[in-house]
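Report on the structure given below.
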Amino acid sequence: MKTIQHTGLGIFLTGLTVFIALIFLGEYKVSPELFNTVVTNKGIKSELFINDIKNNVLEKTFTSPFKFSRAVTSAIKSANASHKQNSEWDKVIWDKPHSFSYAIAKEAGIGIVKEHKWLFWWLTFGLGIIGALLFIIPQLITLGAPGIKNDGIYHKPATNRGWIGWCVFTFLVAFYVLLYFRPDYIVNWTYVVDPISKSLNGNLASQWFLYGFIYCVVMLVMAVRMYIKYRHNNYQLLRTTSVLFFQVVFAFLIPEILVRFEKPWYDFKNAFPLDYDFFFSWNLNELIASGGLGLFILVWGVVLSLVIVPIMTYFFGKRWYCSWVCGCGGLAETLGDPYRQLSDKSLKAWQLERWLVHGVLVFALVMTGFTLYTYFSGTAAVLGIQTQTIQDIYGFLIGSIFAGVIGTGFYPIFGNRVWCRFGCPLAAYIGIVQRFKSRFRITTNGGQCISCGNCSTYCEQGIDVRAYAQKGENIIRASCVGCGICSAVCPRGVLKLENAPEKGRINPTEILLGNNVDLIELLKKK
Amino acid sequence: MEHIVIIGNGISGVTAARHIRKLSNKKITIISDETDYFFSRTAIMYVYMGHMTFEHTQPYENWFWKKNNIDLKKGRVTAIEAPSKTLHLSDGNTFNYDKLIIATGSKPNKFGWPGQDLNGVMGLYHKQDLDNLEKYAPNNKVCKRAVIVGGGLIGIELAEMLHSRHIPVTFLVRESSFWNGVLPKGESNMVNREIKAHHIDLRLGVNLKEIKSDENGNATSIVIAETGEEIQCNLVGLTAGVSPNISFLKGSKIETGRGVIVNRFLETNFKDIYAIGDCAEQQIAIDERKPIEAVWYTGRMMGETVAQTICGNKMAYKPSHWFNSAKFFNIEYQTYGWVWAQPKNNEARFYWEHPNGKICIHINFDKDTRQFIGINTLGIRMRHNFFEKVLNEKKSVDYVIEHLADANFDPEFYKLHEKEIVAAFNKENQTNIQLKKKSWKRILSI
Ligand SMILES: Cc1cc2nc3c(=O)[nH]c(=O)nc-3n(C[C@H](O)[C@H](O)[C@H](O)COP(=O)(O)OP(=O)(O)OC[C@H]3O[C@@H](n4cnc5c(N)ncnc54)[C@H](O)[C@@H]3O)c2cc1C
Ligand code: SF4
Ligand code: SF4
């Protein structure tokens, strides 16, 4: 078994190495025809830029994406600088330089990867998947009989913030930085998934298609791990299946197929304000322009956030979304499961959490207010602040840095729900509903708690579950995503996630069940 | 201001301190030398197994004590002078109190076995034992085999711990079946099977004769009394029960038996001296309970109670119905009320076991009145509240069977076995009980 696992690990690492090496393969050469198309399609009026490219890029061979990117982006920057100085606003190129450069590079790339897309798919994704599964599936046997499998978690450098954890951290952060800010460096990665993209939506793969595809693959593989690890626990099995389904079908397949039929890309389960650009004018315009379906999406998006989310939360708690439906939650519960114990349980962290997550919610709402005001009034600024500027700041700080780089990149350091706990505005909103108006609670089983601390340790949301359980109190917390792991790891059967009448949901106790009945009565009366 | 001094920072002492603080602004000092801060003894296994770090076993953050104005003093009490209300500490200092709570817990039993103090021979109770374990059994290269002596709750935990690091374990149990002084046959057998399924070399009905050592005083093997068999090992775990940790009271005139003798108010024979938790021994046992109850819950309850008394609301220790729980490798165990290993004359039993041999339920009831007396479950979680109510209201076994759905506390979507259980009960008792649907109204009494 160990040999199979080691082989698997070797295969996985080979796949990973090829994947990383892909960045450095191939060449880029822009032909005059290609450049003309770009100029026409993008409506570029800057002769400075055009000349710059003609002199420095056209018909030249670039041996790395970095050099190519530098040539294109510096052409954009210097052209823009002088246009801005001369107030030639119509000549300024407003595209993000690296996205612009990506669009050209995607066409301009030549070489082995582009010529053998499937081969390289197998050498990267194929090897990665096979290797990972070879590593994971033998755990059916190596982990022993079904039950809680946390042996050695704090002894292993992968899961105790050791060197492997730091390596994974570095890789993930680098990945997100490239994805969000340097798409033109990872053109080769997108080639590899072109055939799949073509068959789904009819187009070549963008970096976002690549991301969606990786997301699904990672979740699928790591879900297998969850299925094995928690095979004694039906709650975990069903929950994992559910998030997996919503990710693959709702966040990936349906939107891509919509695109194939020239409809707007839309993830039907992604609720505002997590879907923060839902009310952005470009989105509203696109939806309105795309007929019946667009209008349906518009209505659905509003109903989902304002009606479905609170009602479902009333009946089932925040978990219905965060642990059963959401994509961010889905990744956290699959890829992130090995890191859940790393969340900070201190009171300080809780205080920070409340400021941050509600701050982001307010930010998102204010931004949306500005956006809608701008949309309907046509004025670009509110109170002297450009709506566009706020949107850009939000998109950069919250949408990219917080949700992506920190939210996922920091899994191996701060645990798997950093974004969900500290940053997600939807979680803040649902949390308020859960705290004040919901049938959901984690029931504490009378006096059975032995204060061992397993529940708190494995709570990915950093909730000090034990603090409640050892007082005999039910756990009612805005941040609880109902993952059910506290209940699973409790060695004394103390915790149960339940939906029940609101009466008696909050039960502050002085002393625990099992003590003198008169004393309990006496303290209750007080 | 009255100064309350508590010896021992375990669950009993700490609970007393917390509740005294809630009820008053008296000066509180806790003296202990085991660790700087309160930790959960019950969780030391998870530290060794790598589920948690030691810090995770501390239920309160370090700032908690100062914020609540509870002084922590590191030190070991060597003697108590009751008449002058003075404590003597091992560093030679003395310390005065107005009221004293003795909460010094237990220590592992050693029955005078030859070699019981050798290197690599240890109990499993204190933080220091955990450190020792890391020293003598960090992995299966240093520790090629371990022998555990004594088949109780701590013994089986130690077996699971060593197993998690792939260290071969021989488990010597005096009884003919695991913990069968407490567990009835069905449950005990199930645990035997679970132990063996984890490749533990379980030896039933045997005693330790002696522990042998090399020239450096390290344990190297043990000899079994009955067979004379010698087993090579590098670690010997002595887990044959615990007894109150009160040897420092010798000469203090505080009345002791096996533990510190207390009345129902947890008072010792000296005014203003109380004893709680593992180290306290009830003059007259309460109901069916043992005079010394070495479990977490009772320590906590005594702490809650004594705090009331000390803060002027004199209160007898009058625990409600017995409950307990444990985990045997992968099998969780819960009990409410009493299910003795052997039925008493007035008792009838109902035992149901799942075909997979890992789940069972065992109910004890009165033959004639059919009053419910107690329940054991393995592999099924039950609702404490439900059984507390059933026992208070003296409900019948038939009521319990009928309302099993209310009683169940397994996580959502678990496969429930209530239908099979009810059917088996009906068949065995010629009854016709219909399982009632779970009702929140009944469960929450609303
Ligand atoms: C491995 C293990 C697992 C357990 N699991 C469970 C379980 O699952 N469920 C359950 O109900 N119970 C369990 N128990 C039993 C439970 O932990 C004890 O009943 C409980 O800890 C007793 O609490 P206490 O406060 O009375 O004493 P202790 O926790 O023993 O605390 C006493 C403290 O006093 C200190 N002390 C002693 N003498 C002196 C002195 N002279 N001067 C200064 N300090 C002194 C000791 O060092 C110690 O720190 C377990 C015990 C162990 C060892
Ligand atoms: S409290 Fe429990 S269910 Fe809620 S998030 Fe934490 S571990 Fe998950
Ligand atoms: S895991 Fe269970 S027994 Fe341990 S502290 Fe949490 S609720 Fe209590």
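In the order they appear, the protein sequences are chains V and L.
For the first sequence, full-length UniProt numbering gives the first residue as 1, with consecutive numbering after it.
For the second sequence, full-length UniProt numbering gives the first residue as 1, with consecutive numbering after it.
Every residue gets a Cβ at the ideal spot worked out from N, C-alpha and C, and that includes glycine.
- Message: Can you give me the C-alpha to C-alpha distance between V:Leu356 and V:Met367, rounded to a whole angstrom?
- Response: Distance between the alpha carbons of V:Leu356 and V:Met367: 16 Å.
- Message: What would DSSP say about L:Ser221, mapped onto helix, strand or coil?
- Response: Residue state, collapsed to three classes: strand.
- Query: chain L partners of V:Leu347, CB-CB under 7 Å?
  - Reply: Chain L residues near V:Leu347: Glu61.
- Query: Cβ atoms of L:Met382 and L:Ile375: under 8 Å apart, would you say?
  - Reply: Cβ atoms of L:Ile375 and L:Met382: closer than 8 Å.
- Message: So, does the segment 494-505 of chain V touch the segment 460-478 of chain V, judging by three or more C-beta pairs under 8 Å?
- Response: Judged by pairs of C-beta atoms under 8 Å, the segment 494-505 of chain V touches the segment 460-478 of chain V, as three or more such pairs exist.
- Message: Please report whether the beta-carbon of V:Ala380 lies at a distance below 8 Å from any beta-carbon of chain L.
- Response: So no, V:Ala380 is outside the interface.
- Task: Measuring only between beta-carbons, confirm whether V:Ile450 sits less than 8 Å from chain L.
- Result: Chain L contact via Cβ: present.
- Nearest CA to the CA of residue 464 of chain L: which residue from L:Phe270, L:Lys394, L:Trp63, L:Ile31? Outside the modelled stretch of chain L, which goes from 1 to 446, sits residue 464 of chain L, for which no answer is possible.
- As assigned by DSSP and simplified to three states, the class of L:Ala82: In the structure shown, L:Ala82 sits in coil (DSSP, three-state: anything other than H, G, I, E or B).
- Please report the Cβ distance between V:Ile254 and V:Phe268, rounded to the nearest whole angstrom; I am assuming they are in contact, meaning their Cβ atoms lie under 8 Å. Yes, they are in contact, since the Cβ atoms of V:Ile254 and V:Phe268 sit about 7 Å apart, within 8 Å.
- When the distance is taken between beta carbons, is V:Phe410 closer than 8 Å to V:Leu169? Inspection of the sequence shows that residue 169 of chain V is occupied by Phe rather than by Leu. Yes, Cβ-Cβ distance for V:Phe169 and V:Phe410 is below 8 Å.
- Item | Separation of L:Lys327 from L:Glu210, as counted between CA atoms | When rounded, the distance between both Cα atoms is 30 Å.
- Task: Give the interface partners of V:Ile351 over in chain L, defined as CB-CB distance under 9 Å, in chain order.
- Result: It is worth fixing the name first, because residue 351 of chain V is Gln in this sequence and not Ile. Within chain L, no residue comes near V:Gln351; the closest Cβ sits about 13 Å away, beyond 9 Å.
- Query: Which whole-angstrom value describes the C-beta separation of V:Gly330 and V:Met219, a residue pair presumed to lie in contact below a C-beta threshold of 8 Å?
  - Reply: Confirmed, about 6 Å.
- Query: Run through DSSP, which three-state label would V:Tyr230 get?
  - Reply: If DSSP states are grouped into helix, strand and coil, V:Tyr230 belongs with coil.
- Message: Quick check on V:Val218 - is its C-beta less than 8 Å from some C-beta in chain L?
- Response: False, the Cβ-Cβ gap to chain L never drops below 8 Å.
- Message: Would V:Asp275 and V:Gly462 be called neighbours here (beta carbons separated by less than 8 Å)?
- Response: By the CB criterion at 8 Å, V:Asp275 and V:Gly462 fall outside the cutoff.
- Task: Assuming V:Gly317 contacts V:Gln434 (C-beta within less than 8 Å), just tell me the rounded distance between them.
- Result: Taking C-beta atoms under 8 Å as the contact rule, V:Gly317 and V:Gln434 qualify, at a distance of about 5 Å.
- Whole alpha helix (DSSP H) runs in the segment 252-332 of chain V with 4 or more residues, listed along the chain? Here the runs fully enclosed are 254-260, 281-289, 291-303, 309-316, 319-322.
- Message: Run through chain L and tell me which residues come within less than 8 Å of V:Val500, C-beta to C-beta.
- Response: One detail in the question is off: residue 500 of chain V reads as Ala in this sequence, not Val. For V:Ala500, the chain L residues whose Cβ falls inside 8 Å of its Cβ are Trp440, Ile443, Leu444, in order along the chain.
- Item | Closest residue to L:Gly181 among L:Thr94, L:Asp201, L:Gly151 (Cα-Cα distance) | L:Gly181 has its Cα closest to that of L:Gly151, out of L:Thr94, L:Asp201, L:Gly151.
- Message: With a threshold of 7 Å (Cβ to nearest heavy atom), would L:Ile156 be considered close to ligand 1?
- Response: Checking the 7 Å criterion, the Cβ of L:Ile156 is out of range of every heavy atom belonging to ligand 1.
- Task: Check whether the Cβ atoms of V:Glu27 and V:Phe62 sit closer than 8 Å, and answer yes or no.
- Result: In contact: V:Glu27 and V:Phe62 (Cβ atoms closer than 8 Å).
- Give the straight-line distance between the Cα atoms of L:Gly299 and L:Val260, rounded to the nearest whole angstrom. Rounded to the nearest angstrom, the two C-alpha atoms are 14 Å apart.
- Item | Where the beta strand (DSSP E) through L:Phe323 begins and ends | Note, L:Phe323: beta strand (DSSP E), 323-328.
- Starting from V:Asn499, trace the beta strand (DSSP E) both ways and give me its first and last residue. Here the beta strand (DSSP E) through V:Asn499 covers 495-499.
- Query: Going by beta carbon distance, what residues of the same chain come within less than 6 Å of L:Glu2, once the five residues before and after it are set aside?
  - Reply: Closer than 6 Å at the Cβ level, and outside the excluded window around L:Glu2, lie Lys26, Asp98.
- Message: Determine whether the beta carbon atoms of V:Ile44 and V:Ile93 lie at a separation below 8 Å.
- Response: The answer is yes: Cβ separation under 8 Å.
- Task: Give the interface partners of L:Gln434 over in chain V, defined as CB-CB distance under 8 Å, in chain order.
- Result: The contacting residues do not exist; L:Gln434 stays about 23 Å from chain V at best.
- Message: Does the beta-carbon of V:Arg492, which I'm using as the reference point, lie nearer than 7 Å to any heavy atom of ligand 3?
- Response: Correct: V:Arg492 has its Cβ closer than 7 Å to ligand 3.
- Assuming V:Ile228 contacts V:Leu140 (C-beta within less than 8 Å), just tell me the rounded distance between them. At roughly 5 Å, the Cβ-Cβ gap stays under 8 Å, so V:Ile228 and V:Leu140 are in contact.
- Query: In or out: V:Pro338 buried (at least 16 other Cβ within 10 Å) or exposed?
  - Reply: By the 10 Å Cβ count, V:Pro338 comes out buried.
- Beta-carbon of L:Pro108 versus every beta-carbon of chain V: anything under 8 Å? So no, L:Pro108 is outside the interface.
- Message: Determine whether the beta carbon atoms of V:Cys322 and V:Val481 lie at a separation below 8 Å.
- Response: The answer is yes: Cβ separation under 8 Å.
- Is there a Cβ from chain L that is less than 8 Å from the Cβ of V:Ile442? Output row for V:Ile442: interface = no.
- May I ask you to report which of helix, strand or coil DSSP gives V:Cys455? If DSSP states are grouped into helix, strand and coil, V:Cys455 belongs with the helices.
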